[in-house]
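Under UniProt numbering, the residue at position 138 of the sequence shown is numbered 138, and the numbers go up by one with no gaps.
All C-beta atoms in this analysis are idealised placements derived from N, C-alpha and C, irrespective of residue type, glycine included.
Following: one structure in structure tokens, then a few remarks.
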Amino acid sequence: MSAPGGSWDAQLSAAYEHAQRATKAELARDYSSAFELYVRSGQLFLHLLSTHPSRAPDGTRDRLKQMANKVTARAERIKTTHNVRRVERHVLSTDQQASILAASSKINARHFPAWSEQTLSCQPAPELSPVQIGNKAQYKRSSQIVGADAGWGRRLRGDEIVQDIVTDCSFVAALEAAAEHDFLFGTSLATSSLYPQDPSGLPSPSPSGRYRVRLHINGAARCVEIDDHLPYYPPECGERIMGASCRKGHTVWPALLEKAYLTLMGGYDFGGSNASIDAHALTAWLPEHVFLRHAGFQREKSWSRFHAAWTQGKCFATVGTPSKTQAGLVPSHNYAILGVQGSGSQRHVTLMNPWRHAEGKHPSIALDTKERDVVQSLQRLKVADGATFTVTWDDLCTYFDSLFLNWDPSMFAHTLSVHSCWRAPTPQSGIKVDQADPRFRLVMSPTAAAGGEGEEVWMLLTRHITSTRDRPDAECSGQDAEYIAVHVFEDDTSRGSGQSSQPLGQARQVGAYVDGTHCLVRFKPSSSRNADVAERSFTVVASRRTSQAVETRYTLSVYSHHAVSLSQVRTHLAFRESLSGAWTSRTAGGNATLPTFMSNPQYTLTIPGADEVQVNLTLECSDRRVPVQLLLAYPGPASGGRVTSLTQGDVVLSSGMYHHGLALCNTSNSGRNGLRPGTYTLIASTFEAATTADFILSIESTHPVQLKAIPQEGAGMFHRRITASWTQSNAKGSRGNRAYFDNPSWRIVVPPPAMAALVARIKANATDAVRPYVNIALYDEKEVANSGAYTDLPCGAVLDTMLKPGSYTLLASTYKPDVHAAFSIDLYTTVRCDVTPH
Numbered sequence: 001m002s003a004p005g006g007s008w009d010a011q012l013s014a015a016y017e018h019a020q021r022a023t024k025a026e027l028a029r030d031y032s033s034a035f036e037l038y039v040r041s042g043q044l045f046l047h048l049l050s051t052h053p054s055r056a057p058d059g060t061r062d063r064l065k066q067m068a069n070k071v072t073a074r075a076e077r078i079k080t081t082h083n084v085r086r087v088e089r090h091v092l093s094t095d096q097q098a099s100i101l102a103a104s105s106k107i108n109a110r111h112f113p114a115w116s117e118q119t120l121s122c123q124p125a126p127e128l129s130p131v132q133i134g135n136k137a138q139y140k141r142s143s144q145i146v147g148a149d150a151g152w153g154r155r156l157r158g159d160e161i162v163q164d165i166v167t168d169c170s171f172v173a174a175l176e177a178a179a180e181h182d183f184l185f186g187t188s189l190a191t192s193s194l195y196p197q198d199p200s201g202l203p204s205p206s207p208s209g210r211y212r213v214r215l216h217i218n219g220a221a222r223c224v225e226i227d228d229h230l231p232y233y234p235p236e237c238g239e240r241i242m243g244a245s246c247r248k249g250h251t252v253w254p255a256l257l258e259k260a261y262l263t264l265m266g267g268y269d270f271g272g273s274n275a276s277i278d279a280h281a282l283t284a285w286l287p288e289h290v291f292l293r294h295a296g297f298q299r300e301k302s303w304s305r306f307h308a309a310w311t312q313g314k315c316f317a318t319v320g321t322p323s324k325t326q327a328g329l330v331p332s333h334n335y336a337i338l339g340v341q342g343s344g345s346q347r348h349v350t351l352m353n354p355w356r357h358a359e360g361k362h363p364s365i366a367l368d369t370k371e372r373d374v375v376q377s378l379q380r381l382k383v384a385d386g387a388t389f390t391v392t393w394d395d396l397c398t399y400f401d402s403l404f405l406n407w408d409p410s411m412f413a414h415t416l417s418v419h420s421c422w423r424a425p426t427p428q429s430g431i432k433v434d435q436a437d438p439r440f441r442l443v444m445s446p447t448a449a450a451g452g453e454g455e456e457v458w459m460l461l462t463r464h465i466t467s468t469r470d471r472p473d474a475e476c477s478g479q480d481a482e483y484i485a486v487h488v489f490e491d492d493t494s495r496g497s498g499q500s501s502q503p504l505g506q507a508r509q510v511g512a513y514v515d516g517t518h519c520l521v522r523f524k525p526s527s528s529r530n531a532d533v534a535e536r537s538f539t540v541v542a543s544r545r546t547s548q549a550v551e552t553r554y555t556l557s558v559y560s561h562h563a564v565s566l567s568q569v570r571t572h573l574a575f576r577e578s579l580s581g582a583w584t585s586r587t588a589g590g591n592a593t594l595p596t597f598m599s600n601p602q603y604t605l606t607i608p609g610a611d612e613v614q615v616n617l618t619l620e621c622s623d624r625r626v627p628v629q630l631l632l633a634y635p636g637p638a639s640g641g642r643v644t645s646l647t648q649g650d651v652v653l654s655s656g657m658y659h660h661g662l663a664l665c666n667t668s669n670s671g672r673n674g675l676r677p678g679t680y681t682l683i684a685s686t687f688e689a690a691t692t693a694d695f696i697l698s699i700e701s702t703h704p705v706q707l708k709a710i711p712q713e714g715a716g717m718f719h720r721r722i723t724a725s726w727t728q729s730n731a732k733g734s735r736g737n738r739a740y741f742d743n744p745s746w747r748i749v750v751p752p753p754a755m756a757a758l759v760a761r762i763k764a765n766a767t768d769a770v771r772p773y774v775n776i777a778l779y780d781e782k783e784v785a786n787s788g789a790y791t792d793l794p795c796g797a798v799l800d801t802m803l804k805p806g807s808y809t810l811l812a813s814t815y816k817p818d819v820h821a822a823f824s825i826d827l828y829t830t831v832r833c834d835v836t837p838h
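Here it is, written out as structure tokens:
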């Protein structure tokens, strides 16, 4: 149940309806429902009070106050006298959405209203930077300095816009790249946000000297109203603008845009940021940060994608350098990309240093455009002599740190956004866990007209800022850092089972945490195996990791070629239990393709009673960088239910592919009505073996369940490791071969009178591409026990049995003879046993 939208009158009717239903529920002694309805009703009355229209009849405000107080008092009374369930926030309700955007309108203690709202006054001028003050900057009216020669009604190319002594290279580079896109593709990205405008859509002079600038910040287009006072050099220095301006002439609109953005960001003492974020604020084009030095960066694939999009006008771009540079590049600096061209092996990118005095200061990797073999290929790239220079794509990937892309949102036919907040985290075993974070269900309806399946879905998570301390360039200590990520889990409703939709050991990089304010995730839904399923469903988590006990607002936007919808997922079931765990040097077994997978922490989940139970399972890792996964499987034959081998058919529920820092799975998204009563085994794993970290494992359920850690294999037992090899002389194959008993074997003496439990596992270390099929068996005068069918599973062959006192022969064999491979056997016994080669 969520608060309805619609007109103010419709919401008023809904508020009264909630109040009436609450009274009926209270009379029926359904106190939990009554409490929730009273709370919802109170929220609606308060929202209506804040949006009270002037046309409403007299006395309406007083009646709204009375009703809000009345239903709130009833809710408080029920809460204090009865044990009622917690009321979840309806984050998609009209009042919640409006309150988030309203609260996020205040930045640096200044109010920046939504673009649609009427502004009352200009913002005070942003404070000058120390460098500007040192150069005797003075605020002066641009109309009085340049008069009619202000460049109104004139477009600028990217190389005509320059940065002055203000350290906002990210914004100026973004403005240059947008202006060049306007020239090449006929758009108005650089100028469309500045008002007033002439009939052609270009900025025009304001008779009052006041301008409105539309900037996209904190989930909405907001209005920044400024006047035409700009910082100027003193007359003895030429009386030109001390900020973004035109290389030649006195065009002022770049400086007005810069003033508006720096007003929002806290002043001219701005340290620069991620240029794609500045460009997003200016144009609303989607920001993407490509880390050129990341281990997963694909140079060829990225070039193909970037070059194709650039030539079609779907994106514009800038690049950034690392803090330590080579080849004459400026460290920690943004360069605008003004041209991209590729023909065969000739792949070139034209860059521009935004500095006013960068002419001729080309880095050593710049191509000499006068050489005959390159001049022809660069004709279309070359914009002008001076600050522009051309490099190869390979050199750009080698010497630069980041590629900042901004994408045209009109590429997608469908888009929607929700606004919510992360509550202050709750400390739990040293981990700050955002337990109250809302989750969302994304439903996509693929259509042939939109391209069918296989089309990418993009999701943009934007963390709202409240002060310049939150700006993306700020150097955060480990103690104060705030990381965000979007986790996308594809539900298995198309299969009608809880099995993972991906191979057990497959990793997925969706969900990586970043310490900026914007996080873009692109993903392709897996191909549906069920042609009758028209919709695809995903669970989406907007995740945050921080050590600060603060509430932070955010916006989550979805861009798709297909129709999509978002709804809130109820995450709080009636019963909840949490356990602390860790991957240690002994228990970090890695993913299911590794022989050590079964060493991972395992838990017994017991579902009592006779009814099916809905469950939500969540694992949150202390290290946001670690890819993690949860698998719920049928229990193994070993005592305690520990799983010793695993195949796809054993999996009951899965969190899907590995996600950074967070894994979740639940029955409601798996095509199941719930888990049947019985015992299951839960396995928590990291993708890489030997990855140590702490974690919190939580389970919510509709009925009481039991979750208990399973001791590690061999815990409290005597351990002996046997290492050996199959060679040409002793690899005699399976039992059907005549020389079977010439395989490697050992004599094990179990002393009287104690009973002994024995578990043995083969761990093949063969370098061959094909893992051998193996088996182990125990004999006295005849076979006592064996590991079952020959297996090539990574975990090897497992034997679990009880032994009476006596002497036994342990024999290890491969299915085929003449197999060369090294192996080991781990032997666990409750008493110390003698083991000698046979």
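Check, Outcome
"Terminal residues of the alpha helix (DSSP H) in which D650 lies", "Neither: D650 is in no alpha helix (DSSP H) and is coded neither H nor E."
"N69 (DSSP reduced to helix, strand or coil)", "helix"
"Limits of the unbroken alpha helix (DSSP H) element including H18", "8-27"
"G581 versus E620, Y559, S565, residue with shortest Cα-Cα distance", "E620"
"In chain order, each alpha helix (DSSP H) run of at least 4 residues that lies wholly inside the stretch 272-332", "275-283, 299-311"
"Residue range of the alpha helix (DSSP H) that includes E258", "253-265"
"Contact belief for H820 with T727 at Cβ below 8 Å, rounded distance in angstroms", "6 Å"
"Top-ranked residue by Cα proximity to A336, from Q163, T468, Y232", "Q163"
"Proximity of S701 and Q568 at Cβ, strictly below 8 Å", "no"
"Residues bridged to G736 [DSSP beta-bridge criterion]", "BP columns for G736 are empty, so no partner."
"Distance between E26 and D9 (C-alpha atoms, nearest Å)", "26 Å"
"Continuous alpha helix (DSSP H) stretch holding F741: start and end", "Looking at the DSSP string, F741 is not in any alpha helix (DSSP H), and its letter there is neither H nor E."
"Rounded straight-line distance, which links the Cα of Y790 to that of S343", "55 Å"
"Whole beta strand (DSSP E) elements within the stretch 554-628, 3-residue minimum", "563-569, 575-583, 602-607, 615-621"
"Beta-carbon proximity list for R247, same chain, < 6 Å, skipping 5 on both sides", "E160, V162"
"Straight-line gap, S546 to A150 (C-alpha atoms, nearest Å)", "For the record, residue 546 in the displayed sequence is Thr; it is not Ser. Taking the straight line joining both Cα atoms gives about 47 Å."
"Backbone CA spacing between residue 841 and D792 [nearest angstrom]", "Residue 841 falls outside the range modelled here, since the chain spans only 1 to 838, and no answer is possible."
"Assigned exposure category for R141 - 16 Cβ within 10 Å defines buried", "exposed"
"Stretch pair the stretch 209-216 + the stretch 256-267: three plus CB contacts closer than 8 Å", "yes"
"For K106, the three-state DSSP class (helix, strand or coil)", "strand"
"Close Cβ partners of A275 (< 6 Å) along its chain, the five nearest in sequence each way excluded", "S170, A173, A174, T318, N334, F404"
"Distance, A178 Cα to Y232 Cα", "25 Å"
"Where the alpha helix (DSSP H) containing A485 begins and where it ends", "No alpha helix (DSSP H) contains A485, which is instead part of the beta strand (DSSP E) from 482-490."
"First through last residue of the beta strand (DSSP E) which encompasses T392", "388-392"
"Straight-line gap, S824 to N218 (C-alpha atoms, nearest Å)", "58 Å"
"For residue 839, the first and last residue of its enclosing beta strand (DSSP E)", "This structure does not reach residue 839, given that the chain is present from 1 up to 838, and the question cannot be answered."
"Whole-angstrom distance between I607 and P794, CA atom to CA atom", "30 Å"
"Spatial neighbours of V784 in its chain, beta-carbon cut-off 6 Å, leaving aside the 5 residues before and after", "L778"
"Per-residue DSSP class, three states only, for Q197", "strand"
"Beta bridge counterpart(s) of K140 as assigned by DSSP", "L230"
"Alpha-carbon spacing of P354 relative to D227, whole angstroms", "25 Å"
"As assigned by DSSP and simplified to three states, the class of R463", "strand"
"Terminal residues of the alpha helix (DSSP H) in which P130 lies", "130-134"
"For P409 and L442, the rounded distance between their alpha carbons", "19 Å"
"Cβ-Cβ distance between I100 and H419 below 8 Å", "yes"
"Nearest-angstrom beta carbon gap, R544 and Q602 [assumed within contact, 8 Å]", "Between R544 and Q602 the Cβ distance is about 29 Å, and since that is not below 8 Å, they are no contact."
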